Structure formats: structure tokens, C-alpha cells
Amino acid sequence: MSHVIEMLGIRKEFPGIVANDDITLQVEEGEIHAILGENGAGKSTLMSILFGLYHADRGVIKVRGKEVHIENPNDAFDLGIGMVHQHFQLVHNFTVAENIILGKEGGFVYDIRTAGKKIKEISDRYGLSIDPDMVIEDITVGMQQRVEILKMLYRNADILIFDEPTAVLTPQEIDDLMQIMRNLAAEGKSIILITHKLEEIKAVAKRCTIIRRGKFIKVVDVATTSVSEMAVLMVGRPVSFKVEKKESTPGGDILEIEDLCVMNAKKILGVKHFNLNVRAGEIVGIAGVDGNGQSELVEAITGLRKVESGAIRFMGKDITSSSIKDRNEMGLGHIPEDRQKRGLILSSPLTTNMVIKEFYKPGFSRHGILDSSAIEKYSKDIVDTFDVRSGEGVFSLAGKLSGGNQQKAIVGREVTSDPMLLIAVQPTRGLDVGAIEFIHKELVAQRDKGKAVLLVSFELDEIFNLSDRIAVMNAGELVDIVDTKETDEHEVGLMMAGIRKEA
Numbered sequence: 044m045s046h047v048i049e050m051l052g053i054r055k056e057f058p059g060i061v062a063n064d065d066i067t068l069q070v071e072e073g074e075i076h077a078i079l080g081e082n083g084a085g086k087s088t089l090m091s092i093l094f095g096l097y098h099a100d101r102g103v104i105k106v107r108g109k110e111v112h113i114e115n116p117n118d119a120f121d122l123g124i125g126m127v128h129q130h131f132q133l134v135h136n137f138t139v140a141e142n143i144i145l146g147k148e149g150g151f152v153y154d155i156r157t158a159g160k161k162i163k164e165i166s167d168r169y170g171l172s173i174d175p176d177m178v179i180e181d182i183t184v185g186m187q188q189r190v191e192i193l194k195m196l197y198r199n200a201d202i203l204i205f206d207e208p209t210a211v212l213t214p215q216e217i218d219d220l221m222q223i224m225r226n227l228a229a230e231g232k233s234i235i236l237i238t239h240k241l242e243e244i245k246a247v248a249k250r251c252t253i254i255r256r257g258k259f260i261k262v263v264d265v266a267t268t269s270v271s272e273m274a275v276l277m278v279g280r281p282v283s284f285k286v287e288k289k290e291s292t293p294g295g296d297i298l299e300i301e302d303l304c305v306m307n308a309k310k311i312l313g314v315k316h317f318n319l320n321v322r323a324g325e326i327v328g329i330a331g332v333d334g335n336g337q338s339e340l341v342e343a344i345t346g347l348r349k350v351e352s353g354a355i356r357f358m359g360k361d362i363t364s365s366s367i368k369d370r371n372e373m374g375l376g377h378i379p380e381d382r383q384k385r386g387l388i389l390s391s392p393l394t395t396n397m398v399i400k401e402f403y404k405p406g407f408s409r410h411g412i413l414d415s416s417a418i419e420k421y422s423k424d425i426v427d428t429f430d431v432r433s434g435e436g437v438f439s440l441a442g443k444l445s446g447g448n449q450q451k452a453i454v455g456r457e458v459t460s461d462p463m464l465l466i467a468v469q470p471t472r473g474l475d476v477g478a479i480e481f482i483h484k485e486l487v488a489q490r491d492k493g494k495a496v497l498l499v500s501f502e503l504d505e506i507f508n509l510s511d512r513i514a515v516m517n518a519g520e521l522v523d524i525v526d527t528k529e530t531d532e533h534e535v536g537l538m539m540a541g542i543r544k545e546a
């Protein structure tokens, strides 16, 4: 079969790091080809070169057998190459149709009605189920991703790059996306899938190119290569998919939530009369479909959202109306759901980000003047311990890191601050299997040191792997709390749909 894309001997350097070191990628026409690698392995850089966002220092790109020079994304579109980025490129107060035709209007006057009709036809053809008149801020993250796919198809792209496409999707949305990819491939589209998730590669890809620390490792046939074999090739060592942990020995209550009610962004109750306690030395997992009150609950505990009624007690003290700073000083750690909006200052270096919660404390400040050498050492310890990879070390801007390395930096900061209560929301989102294994061990280590961990995850595997008890949420209410050893995924799945255990 002919190659629709060939990237031969690609090299790309940034200050202090070789992102791509003589990498070769060959994609056949009509196949779904996966690119697998650790966080910071160079996957997104390679695809940014193909899409014209970066230029290679060395190497050759061929499209349909012909050598090409891709100077910018418009050149890529002209060659039929489209890309869905990990962080979507959408204007939130525009409609679906307005976003799709943005940059493709074709003159001073554009016919939105004709464009909408074409968008609807493409949507129906590929099973995307998108209404062109919907406003972006009113639709789910999964739907927003479909809009990004429609943008490519509207521009007649037949080589589609998906960069970590499932990082922010619910399990059902992931299943839907996998089917959309199959539909696209069946129509003759060629798909390049960048992902850390080995099961997704097994589900849809034909072949997989594996890279490690910027170097090409191997191309494998997905059907005949096991998940564990791919994991070893990716990280260079055997990886355990099961968390090893001893029985928990919980102590007294660290967090107590009593009859809590919290409004959501639409000014209706997002959390309704919620009760929960988290004890020292245990991990309590919150299971539920995304959008069932988890975000509002976490924001209320961390002080980001006002409580309507009820009480939150931390270490026996009522913190319902306490400031965020007071909660932090009491020992509350928070790995937020959105690492870019809530976790990091993207325009600041890692040194600033690692001490952002405690820069005023004696270890980092003397008489109101920051101790830069102490901050640098503290940041370097976190970066080294949590394997945060960046071109300029602790002086790298947070926004320049890959998504996975941003996540590792946040987890490192929160764990290193040694909190009494660690609230971890989607802590392994966008991480490779090696990093997931490391973060899971860190969360269990927090538990074993007598700390309390509240885990919010939309991955049931992760909830069952880590949690000692599971609290299930539906429509903002607590459905039930169960002992992990005494339940299973089927039972929890029913409770996530609102069906109580006794029913």
C-alpha cells in the first residue's frame, strides 16, 4: 500500500533539548496510525512540523510520494492535512458554523446559511451529530471536539491528526470518537492518532510508531503486539498496571461535609444536600459521569465557589467561609481538573509556579525579598523527583511544557507541599503509563503517611485501583458510599446512573 505521509530523518532542536532526533514516520493511505511515547517524547512536536507550526532543522517530508515544504498551517490544509489540537482552538461565544468557517470565509461577505447546510451534510455523513447553530460555550467538551473534526472536513482534509484526543472526554464520548475515527478511515481518510492510552491504540489503530525521548524506537503491528509489550517499548522498562497497596488503616476525620448545597454556573443547585467524610489514611474516590456536580463540590471544598448552605470542616475546623489562603495554610492540597486554567500560570517559569502557594513563607522569602536560590533549588527537586521534562529546566515557561509535563509539575508541587488533605481531580489526565504508575504510587504513599486523599476521576479503573471507599454522585446528589472490596464496576456504573444499591 502506498504511503500518504512520509517524514524521513526529522530533527528538531529547542534551547537545551532535542525534541526530535532522526525520527521516521510512514503512514499508509486509509489507515489509523498511532504514535506512542512518554510525556515529552516529541510526539506533538513531530505533528506540529507536519502541520506547519514548526519547521524541522533537518529531514524530508513527502505527501503522496512528493517532497513538500510546509511553511504554515495554510500550506498543510492545501495538502489536505488537518489537525485537532489537544487544547481546542475555538471562539466560545461564536456558533459552531462561525467557528468552522473562520479563516475560510472566502471574501468580504459570507453566506452563513449555505455554510451551515454544508456543515450539516458533513456532520450527518460521518455521524458527528452537530447542530451548526449551537453556540460553543453551550455544548459539551466532546461536542467541541467534533466541531474541531468538522473544521478539518469542511476544509477537505483527508489526512487527519488527532493530538491526545481523549484527554478531556468521558468514557462514552471516547467510545463515540473511536467510532467516528473508524467511519473516517472507512471513507478513505488517513488518521494519525497521538495518545498515551494503550487500550485506545488496540481498539482502532492498525500500526503504531513508538518514540522515546525524541528517538524512533520501532513500528509495531497493533493486532499482534500486547499492551505490556508496547508499554515496555515506550518507557524502556516493565510497567505495572495494577496499584500495589496494603489494607488501609483509617484514623479520624480530616474532611467532613455536612448537608452541602452549592450553585452551579447556571444558578441552579449543582450539589444538593451532600454528606461525606474522608479520614486520615484513606483514599475516597468520587465516581460519576462528568458534569454531575463533581466540579462544584471540589470548588466548594477548595474555596473557589461559594457555599449556599451546609458546612465543610477540615481538621475539625469550620472552613465553609474561609479564604483559599487559609485553607492552603491548614494543609489542603489541590490538583485541579483544568491544569491550564487553574493549575499553572502559563506565562511564568516553573520556579514561580512551584512556589506560587507559599512564596511568602520564611524558606522562600527574607524580609519581603524572594530568595531566588532557595526557590530554584526547591523547584529543581520537584522537577527531578517527578521527571518534569523541559528544555530550559526550572526556568522554562509553564506554557512551553507538554500537557503531560504540566500535569506532573502540578502533582509534584501539591504532593511536595505535604498536605493533610490532597484533593486530586483527574490526576493522571494526559499522562503516559509510566507516569500514571508513578502518580498512583505517590497518592497511595500519601495515604500510607496518614494523609487523607479525595480522588475525583472519570476513569472507573483508576477509581477502583486507588480508592478504599467510593462515593457515587448523580445529578449533584450522593447516591451511595461503598467499600471498594465489596462492589464492582457494574454496580458502581448503575449507581452512576442514579440507581441506588438497595434497588
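Counting in the working numbering, the sequence shown runs from 44 upward without gaps. Where a beta carbon is used, it is the ideal one built from N, C-alpha and C, also for glycine. Quick caveat, the model's predicted, so the values are computed rather than measured.
Query raised in the report: Which residues mark the beginning and the end of the beta strand (DSSP E) in which Met50 is found?
Result: Start at 1 with the first residue of the sequence shown, and residue 50 comes out as number 7. Judged by DSSP secondary structure, Met50 falls within the beta strand (DSSP E) whose first and last residues are His46 to Phe57.
Query - Phe481 - DSSP class collapsed to helix/strand/coil - result: Working through the sequence shown from its first residue, we reach residue 481 at position 438. Collapsing the DSSP output to three states places Phe481 in a helix.
Requested in this report: Count the CB pairs spanning the stretch 79-96 and the stretch 237-254 that are closer than 8 Å, and state whether there are at least three.
Outcome: With the cut-off at 8 Å, the stretch 79-96 and the stretch 237-254 touch.
Requested in this report: Work out the CA separation of Phe481 and Glu299 for me, nearest whole Å.
Outcome: Counting from one through the sequence shown, the residue named residue 299 turns up at place 256. Counting from one through the sequence shown, the residue named residue 481 turns up at place 438. Per the coordinates, the alpha-carbon of Glu299 lies some 29 Å from the alpha-carbon of Phe481.
Query - Short Cβ contact (8 Å threshold) for Val499 with Val341 - result: Mapped onto the sequence shown, residue 499 falls at position 456. Mapped onto the sequence shown, residue 341 falls at position 298. Going by C-beta atoms, Val499 is nearer than 8 Å to Val341.
Query raised in the report: What is the C-beta distance between Val139 and Val70, in whole angstroms, given that I count them as a contact (C-beta under 8 Å)?
Result: The residue labelled residue 139 in the question sits at position 96 within the sequence shown. The residue labelled residue 70 in the question sits at position 27 within the sequence shown. The Cβ separation is near 29 Å, so there is no contact.
**Report entry** Cβ distance (whole Å) where Gly489 is taken to contact Val525 below 8 Å
**Finding:** Numbered from 1 along the sequence shown, position 446 holds the residue referred to as residue 489. Numbered from 1 along the sequence shown, position 482 holds the residue referred to as residue 525. Gly is not the amino acid found at residue 489; the sequence shown has Gln there. With a Cβ gap of about 22 Å, Gln489 and Val525 do not count as contacting.
Report task. Tell whether a beta-carbon distance below 8 Å holds between His76 and Arg250. Result -> Within the sequence shown, the letter at position 33 stands for residue 76. Within the sequence shown, the letter at position 207 stands for residue 250. Cβ distance < 8 Å, so His76 and Arg250 count as in contact.
Query raised in the report: Just to confirm, does Ser460 get its C-beta within under 7 Å of one of the non-hydrogen atoms of the ligand MN?
Result: The ligand MN is not part of the structure shown, which contains no ligands of any sort.
Query raised in the report: Whose C-alpha, out of Gly477, Leu440 and Val515, is nearest the C-alpha of Arg280?
Result: If you number the sequence shown from 1, residue 280 lands on position 237. Taking the Cα of Arg280 as reference, the smallest distance to any Cα among Gly477, Leu440 and Val515 is reached at Gly477.
Report task. Taking 8 Å as the threshold, find out whether the stretch 229-246 comes into contact with the stretch 153-167 through three or more Cβ pairs. Result -> Touching, no, given that fewer than three Cβ pairs across the two stretches are closer than 8 Å.
Query raised in the report: In whole angstroms, what separates the C-alpha of Pro175 from that of Glu110?
Result: Taking the first residue of the sequence shown as 1, we reach residue 175 at position 132. Taking the first residue of the sequence shown as 1, we reach residue 110 at position 67. Approximately 37 Å between the Cα atoms of the pair.
Query raised in the report: Cα-Cα, which of Glu529, Gly313, Ile329 and Ile202 is closest to Glu230?
Result: As a working mapping, residue 230 is identified with position 187 in the sequence shown. Relative to Glu230, the option among Glu529, Gly313, Ile329 and Ile202 whose CA is nearest is Ile202.
Report task. Could you tell me whether the stretch 376-391 touches the stretch 502-518, where touching means 3 or more Cβ pairs closer than 8 Å? Result -> Verdict: no, contact absent.
Query raised in the report: Straight-line CA distance for Arg356 to Thr394?
Result: In the sequence shown, residue 356 corresponds to position 313, counting from 1. In the sequence shown, residue 394 corresponds to position 351, counting from 1. The C-alpha of Arg356 lies about 32 Å from the C-alpha of Thr394.
Query raised in the report: Which residue spans inside the stretch 221-275 form an unbroken beta strand (DSSP E) run of at least 3?
Result: Unbroken beta strand (DSSP E) stretches of 3 residues or longer found wholly inside the stretch 221-275: 233-237, 250-255 and 258-264, given in chain order.
Query raised in the report: How big is the Cα-Cα spacing for Thr238 and Pro405?
Result: Along the sequence shown, one-based indexing puts residue 238 at 195. Along the sequence shown, one-based indexing puts residue 405 at 362. Cα to Cα, Thr238 sits roughly 42 Å from Pro405.
Query raised in the report: Do Met397 and Ser422 have their CB atoms nearer than 8 Å?
Result: The residue you call residue 397 lines up with position 354 of the sequence shown. The residue you call residue 422 lines up with position 379 of the sequence shown. Their beta carbons are under 8 Å apart, which means Met397 touches Ser422 by this criterion.
Query raised in the report: Which class does Asn371 belong to by DSSP, given the choice of helix, strand or coil?
Result: Residue numbering aside, residue 371 sits at position 328 when the sequence shown is read from its first letter. In this structure, Asn371 counts as helix in the three-state DSSP scheme.
Query raised in the report: By Cβ distance, which residues of its chain are closer than 6 Å to Phe205, with the 5 residues on each side in sequence left out?
Result: For the purposes of this step, residue 205 is taken as residue 162 along the sequence shown, with counting starting at 1. Excluding sequence neighbours, Phe205 sits near Val127 and Leu236.
Report task. Using DSSP bridges, identify the partner residues of Met516. Result -> Position 473 of the sequence shown, counting from 1, holds the residue named residue 516. Bridge pairing for Met516: Leu521 [DSSP].
Query - Buried versus exposed call for Tyr169 [16 or more other C-beta atoms within 10 Å across all chains shown] - result: Translated into positions along the sequence shown, residue 169 becomes position 126. Buried is the call here.
**Report entry** Assigned exposure category for Ala266 - 16 Cβ within 10 Å defines buried
**Finding:** Start at 1 with the first residue of the sequence shown, and residue 266 comes out as number 223. Residue environment for Ala266: exposed (fewer than 16 other C-beta atoms within 10 angstroms of its C-beta).
Requested in this report: Decide yes or no for the touch test of the stretch 88-95 against the stretch 103-119: beta carbon pairs closer than 8 Å, at least 3 of them.
Outcome: A contact exists between the stretch 88-95 and the stretch 103-119.
Query raised in the report: Do the stretch 325-341 and the stretch 503-517 make contact, defined as three or more Cβ pairs closer than 8 Å?
Result: Output reads yes: the stretch 503-517 touches the stretch 325-341.
**Report entry** Close beta carbons around Val437, own chain, < 8 Å, minus the five adjacent residues each side
**Finding:** As a working mapping, residue 437 is identified with position 394 in the sequence shown. Result list for Val437: Pro392, Leu393, Thr394, Met397, Glu419, Ser422, Lys423 and Val426, in chain order.
Query raised in the report: Roughly how far, in whole angstroms, is the beta-carbon of Ser365 from the beta-carbon of Gly353, given that I think they are within contact range, below 8 Å?
Result: Within the sequence shown, the letter at position 322 stands for residue 365. Within the sequence shown, the letter at position 310 stands for residue 353. At roughly 14 Å, the Cβ-Cβ gap does not stay under 8 Å, so Ser365 and Gly353 are not in contact.
Report task. Look at Gly536 and Val522 and say whether their C-beta atoms are less than 8 Å apart. Result -> Walking along the sequence shown from the start, residue 536 turns up at place 493. Walking along the sequence shown from the start, residue 522 turns up at place 479. By the CB criterion at 8 Å, Gly536 and Val522 fall outside the cutoff.
Report task. Drop a sphere of 10 angstroms on the beta-carbon of Pro462, count the other beta-carbons inside from all chains shown, and report buried for 16 or more, exposed for fewer. Result -> On the sequence shown, position 419 is the one that residue 462 refers to. With 16 or more other Cβ atoms within 10 Å, it is buried.
Query raised in the report: Would you report the Cα separation of Gly334 and Val468, rounded to the nearest angstrom?
Result: Position 291 of the sequence shown, counted from the start, is the residue given in the question as residue 334. Position 425 of the sequence shown, counted from the start, is the residue given in the question as residue 468. Going from the Cα of Gly334 to the Cα of Val468 covers about 13 Å.
Query raised in the report: In three-state terms, what does DSSP make of Arg101?
Result: As a first step, residue 101 is located in the sequence shown; it is residue number 58 there, counting from the start. Strand at Arg101.
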